[in-house]
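S.K.: Take a look at the following structure, please.
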Amino acid sequence: MSRREELAAGLADVEERIGTACVAAGRARDDVTLIVVTKTYPASDVALLAELGVRDVGENRHPEAGRKAEELAELAPGGPRPRWHFVGALQTNKTGPVARYADVVQSVDRPKLVHSLAASADRAERKLSCLIQVDFGDDPHRSGVSPDDAEALAAEVAGQSALRLAGVMTVAPLDVDPRPVFARLRELSDAVRAAHPQATWISAGMSADLEAAIAEGATHLRVGSAVLGERRPPG
Ligand SMILES: *Cc1c(COP(=O)(O)O)cnc(C)c1O
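Residue numbers (our numbering): 1440 to 1674.
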């Protein structure tokens, strides 16, 4: 099988899962956007995915993400440019370059990062969409703002003219039933939307738990290995 065929097969599998989960939840397929997380995979895969109709890709590390965006532009000049979602932990000293290539930053989790992103987007003359990453676990090493502080952080983003508050995001903690976690994210989304009606995105669900996320109202799925194959451990 060529790589293109492998990716097409992975996409078809995931599409079928999404379709089945949408029917079960009584939701329209169009309510859910698939973001393919291409971290650790080469720009050539992103080019193939774009040819196969993928319009949203996710990356979790700088500078890997920036390099890939540049390589893609060289591989497929004039080809469709996917929307780049930055989904990983982000240091404030990296916001300058990230604001130049990312369209969405899904991992906004502290006020200092909000201000740094706003200044960087302003300098790049770009408007950056942001999601508030919420952590429902109890491990302090995980990324994400606590649910109690999420609404205040959302207000902070909404107050920046260079940023657009798009919604909320979570990564379910390992080894717990993800569905109640996604239900809590949805409740939090309701609260955020009451103050910021434009913040409609709910980014939840990965390869292992996309059905639970769709059942609980996710509007955006971030799927990596189910499309691209298992990642090699970093090393
Ligand atoms: C890697 C990653 C994903 C995709 O994970 P898979 O299990 O490969 O689908 C989703 N979200 C974030 C934040 C990630 O880092």
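Heads up, the beta-carbon is just placed ideally off N, CA and C, and yes, glycines get one too.
These figures come from a predicted structure and were not determined experimentally.
Write down the C-beta distance between Ala-1560 and Ala-1593 rounded to the nearest angstrom, noting that I regard them as a contact closer than 8 Å.
M.R.: Start at 1 with the first residue of the sequence shown, and residue 1560 comes out as number 121. Start at 1 with the first residue of the sequence shown, and residue 1593 comes out as number 154. Incorrect: roughly 17 Å between the Cβ atoms, too far for contact.
S.K.: Report all residues from its chain with a CB closer than 8 Å to the CB of His-1467; omit the five preceding and five following residues, and keep chain order.
M.R.: As a working note, residue 1467 is residue 28 in the sequence shown. Looking at the sequence shown, residue 1467 is not His but Ala. Closer than 8 Å at the Cβ level, and outside the excluded window around Ala-1467, lie Cys-1461.
S.K.: Can you tell which of Ser-1600, Thr-1609, Ala-1647 and Gln-1637 has the C-alpha that lies nearest to the C-alpha of Ser-1585?
M.R.: Taking the sequence shown and counting its residues from 1, the one referred to as residue 1585 is at position 146. Of Ser-1600, Thr-1609, Ala-1647 and Gln-1637, the residue nearest in Cα terms is Thr-1609.
S.K.: Is it the case that the Cβ atoms of Gly-1734 and Leu-1667 are separated by a distance below 8 Å?
M.R.: As displayed, the chain neither begins before 1440 nor continues past 1674, which places residue 1734 out of reach and without an answer.
S.K.: Roughly how far, in whole angstroms, is the beta-carbon of Asp-1704 from the beta-carbon of Pro-1521, given that I think they are within contact range, below 8 Å?
M.R.: There is simply no residue 1704 to check, as the chain begins at 1440 and stops at 1674 in what is shown.
S.K.: In the DSSP output, what is Gln-1572 paired with across the bridge?
M.R.: By one-based count along the sequence shown, residue 1572 stands at place 133. Per DSSP, Met-1608.
S.K.: From Glu-1655 to Leu-1649, what distance separates their C-alpha atoms?
M.R.: Residue numbering aside, residue 1655 sits at position 216 when the sequence shown is read from its first letter. Residue numbering aside, residue 1649 sits at position 210 when the sequence shown is read from its first letter. If you take the alpha carbons of Glu-1655 and Leu-1649, they lie about 10 Å apart.
S.K.: Just to confirm before moving on: does the CB-CB distance between Asp-1489 and Tyr-1540 stay below 8 Å?
M.R.: For the purposes of this step, residue 1489 is taken as the residue at position 50 of the sequence shown. For the purposes of this step, residue 1540 is taken as the residue at position 101 of the sequence shown. Looking at the sequence itself, residue 1489 is Ala, so the reference to Asp does not match. Against a cut-off of 8 Å, the Cβ pair of Tyr-1540 and Ala-1489 comes out as no contact.
S.K.: On the CB-based measure, 16 or more other CB atoms within 10 Å of its CB, does Gly-1527 come out buried or exposed?
M.R.: Here residue 1527 refers to the residue found at position 88 when the sequence shown is read from its first residue. It counts as buried.
S.K.: Which residues does DSSP pair with His-1524 in a beta bridge?
M.R.: As a position in the sequence shown, residue 1524 is number 85, starting the count at 1. BP columns for His-1524 point to Gly-1497 and Val-1543.
S.K.: Note down the Cα distance separating Thr-1639 from Arg-1603, rounded to an integer number of angstroms.
M.R.: Here residue 1639 corresponds to residue number 200 of the sequence shown, with the count starting at 1. Here residue 1603 corresponds to residue number 164 of the sequence shown, with the count starting at 1. The straight-line gap from Cα to Cα measures roughly 11 Å.
S.K.: Which complete beta strand (DSSP E) runs does the stretch 1448-1525 hold, if anything under 3 residues is left out?
M.R.: Those beta strand (DSSP E) runs which fall completely within the stretch 1448-1525 and span 3+ residues are 1472-1476, 1495-1498 and 1522-1525.
S.K.: Restricting to Cα atoms, I'd like to know which of Ser-1642, Pro-1481 and Gly-1497 is closest to Phe-1621.
M.R.: One-based indexing of the sequence shown puts residue 1621 at position 182. Measuring from the Cα of Phe-1621, the nearest candidate turns out to be Ser-1642.
S.K.: Based on DSSP bridge pairs, tell me the residues matched to Ile-1641.
M.R.: Reading the sequence shown from its first residue, position 202 is the one you call residue 1641. DSSP output for Ile-1641 lists Val-1607 as bridge partner(s).
S.K.: Nearer than 7 Å: is that true of the beta carbon of Gly-1663 relative to any heavy atom of ligand 1?
M.R.: Here residue 1663 refers to the residue found at position 224 of the sequence shown. Within the cutoff, so yes.
S.K.: Got a sec: does ligand 1 put a non-hydrogen atom nearer than 7 Å to the Cβ of Val-1526?
M.R.: One-based indexing of the sequence shown puts residue 1526 at position 87. Within the cutoff, so yes.
S.K.: Does Val-1666 come out as helix, strand or coil in the three-state DSSP assignment?
M.R.: Your numbering for residue 1666 matches position 227 in the sequence shown. It is helical.
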